[in-house]
Each structure stands twice: as C-alpha cells, then as structure tokens.
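**Student:** Mind having a look at this structure? Questions to follow.
Residue numbers (the working numbering): 195 to 475.
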C-alpha cells in the first residue's frame, strides 16, 4: 500500500494505535479523538520529528531484537482483517519467521523510563499487542522497545495468558464502532487536553451569534462552582508550600517518607520549588 491508500483504509476500522484511545489508556488520544478521526472531522496527523525518528529506527530496533532473540522478523506491509472482528484492523510492524507470531517495535523518550520499572511497560503497548493477537489469531506477540539512549527491552506476550483480555478488547472495539462511528454519534467528552485540542481543531471558525443551551445549565453551574473551589484549593496548596519553604530555609532539598522537595536557584537567582514522589514509594 502507498501512504494515500493506507490513510484511506485505516479510517475503515480500529487499528492497533487506535485501541489505547478507545480504551481510555492513551496519553495522546481519547475515545472522542479516535471517533472524530474515523468519521473524517480531523485532518491527517502531522508527520512529526518523533514519528520520523520512530520510523527510521524501526529497522534498527528489529535488528537488535533479532540479535537478542535469535529469531527472524520480516516486514508485512498490508492491513490484516479478521471476519470475526469486522471493525478491527492490524497493520503490524513485523511477522516472526517460523512462528505464528508478530513483533511490535517501539521507541520512546527516556522520560518514560519510570513506566518500565521491573517487568512493567506502558499499558497502551500491551493493549496494542493484544489487539493484534485478536485480529491475527496468532499464538504470541513480541514487543521490542528502545528507550532512547538508555535501554533496550524485549517482552513476549503469550496469547494463552490473555484470552479474556483479548476478547474484551475486541468487544470494546466492536461496541465503539457500532455505537459511535457508524451512527456518527460522538462519545462522551472527558476533560483531557487531547479531546480539547480535537474540539478546537474541528470548530476553528466562529459565527457571531448566540444559542440557547437550557439542557446544559448544570454544566454552567458546575463550571462556576468548580472555578471557585479551584481558587480555594490553589490557595490551600500555596499555604502548604509556604510552610515547607519556611522549614527548609536555605536548604535546597527536603524529604519525608514518600516525597522529595527541592527548592533550587535558577541562573537568574530565583529559587524554584518542586515536589516529586519517591521512586518505589
């Protein structure tokens, strides 16, 4: 497939990269943004530098995976469908030679290193691999992750360990498509930045007129109440910061059982206060 045909085809179903958004576990997309994309309300995503690096490094990560595991992996440049899951798509990175298995390749920022504590890895990566297992009906999926400049990790996900989760994902994909995409009824909004950006993108022009929204009066009321509560909470938060600063004095670091506070000067001499949770706390 060329890129134009691939972009057109991907709007005919839910692909692996869409699944975390549908499930509400993606840091970058939401049910609303996936819906708006599928019905054509949003422009094609800009091809960013991060995406370019991920594409260019895909061959490198695959090669490292083959070196570490002794397996062979070949590209499969097509969208896979399964008649049992008509609204699910799989555009996989690699197929493993000699196994009923696939490979998902990821590159990510070292800032995501806390997501890889022990044997853990981001839940959206697992959801994507389970989606592919559902569509292909294969036995396992490998996940190779390059944490840029930091670590290289390999995970093996066996189908038999996630039977119920795979079925649940495919049910949610089917329900999402039939409930929202086919009738073009938007899913509930969720207050996330991604949903807000999508709404701003869709309604980027304005008409100078007023509309009556009596059915949303409670929303107006809640905004006013929450705004007042936010002011009170910000003041209370600042009060606690001030008490910690007073106790720290000239010291740049303070800690308790679960948190660490830093109050360090910048180059301009202004001290910046931050609190972070201790790792493993």
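Note that the Cβ used here is the ideal one computed from N, Cα and C, for glycine as well.
Measuring straight from C-alpha to C-alpha, what distance separates residue 209 and residue 363?
**Tutor:** For the purposes of this step, residue 209 is taken as residue 15 along the chain shown, with counting starting at 1. For the purposes of this step, residue 363 is taken as residue 169 along the chain shown, with counting starting at 1. Roughly 12 Å separates the two Cα atoms.
**Student:** For the stretch 286 to 305 and the stretch 218 to 237, state whether three or more C-beta atom pairs, one from each stretch, are separated by less than 8 Å.
**Tutor:** Contact between the stretch 286 to 305 and the stretch 218 to 237 is absent, because fewer than three Cβ pairs lie under 8 Å.
**Student:** Just to confirm before moving on: does the CB-CB distance between residue 338 and residue 299 stay below 7 Å?
**Tutor:** For the purposes of this step, residue 338 is taken as the residue at position 144 of the chain shown. For the purposes of this step, residue 299 is taken as the residue at position 105 of the chain shown. The answer is yes: Cβ separation under 7 Å.
**Student:** Can you look up residue 293 in the DSSP assignment and give me helix, strand or coil?
**Tutor:** Here residue 293 is taken as the residue at index 99 of the chain shown, counted from 1. Residue 293 falls in the coil class under three-state DSSP.
**Student:** Let me know if residue 227 comes out buried or exposed under the rule of 16 or more other beta-carbons within 10 Å of its beta-carbon.
**Tutor:** Residue mapping note: residue 227 aligns to position 33 of the chain shown, counting from 1. Classification for residue 227: buried.
**Student:** On the premise that residue 247 lies in contact with residue 301, defined as a C-beta separation below 8 Å, what is that separation, rounded to the nearest angstrom?
**Tutor:** Within the chain shown, residue 301 is the residue found at index 107, counting from 1. Within the chain shown, residue 247 is the residue found at index 53, counting from 1. That pair is a contact at about 7 Å.
**Student:** Assign residue 328 to one of two classes, buried (16 or more other C-beta atoms within 10 Å of its C-beta) or exposed (fewer than that).
**Tutor:** Taking the first residue of the chain shown as position 1, residue 328 is located at position 134. So residue 328 counts as buried.
**Student:** Please return the same chain residues whose Cβ sits closer than 6 Å to the Cβ of residue 340, not counting the five positions on each side in sequence.
**Tutor:** On the chain shown, residue 340 is found 146 positions in, with the first residue counted as 1. Excluding residues within five positions, the ones whose Cβ falls inside 6 Å are 255, 301, 346.
**Student:** Using only the alpha-carbon positions, how far apart do residue 451 and residue 349 sit?
**Tutor:** The residue labelled residue 451 in the question sits at position 257 within the chain shown. The residue labelled residue 349 in the question sits at position 155 within the chain shown. So the two alpha carbons sit approximately 33 Å from each other.
**Student:** Is the stretch 417 to 429 close to the stretch 400 to 408, with three or more CB pairs under 8 Å?
**Tutor:** With a cut-off of 8 Å, the stretch 400 to 408 and the stretch 417 to 429 do not count as touching, because too few Cβ pairs lie within range.
**Student:** Does the stretch 203 to 217 come into contact with the stretch 275 to 287, if we say contact requires no fewer than three beta-carbon pairs (one atom in each stretch) closer than 8 Å?
**Tutor:** The stretch 203 to 217 vs the stretch 275 to 287: in contact.
**Student:** Can you give the Cα-Cα distance for residue 379 and residue 372, rounded to whole angstroms?
**Tutor:** In the chain shown, residue 379 corresponds to position 185, counting from 1. In the chain shown, residue 372 corresponds to position 178, counting from 1. If I take the Cα positions, the gap works out to 10 Å.
**Student:** Throw me the rounded Cβ distance for the residue 236 and residue 392 pair, which I believe falls under 8 Å.
**Tutor:** Within the chain shown, numbered from 1, the residue matching residue 236 stands at position 42. Within the chain shown, numbered from 1, the residue matching residue 392 stands at position 198. Residue 236 to residue 392, Cβ: 6 Å. Contact.
**Student:** Name, in chain order, the residues that DSSP records as bridge partners for residue 452.
**Tutor:** On the chain shown, position 258 is the one that residue 452 refers to. Looking at the DSSP assignment, residue 452 forms no beta bridge with any residue, so it has no partner.
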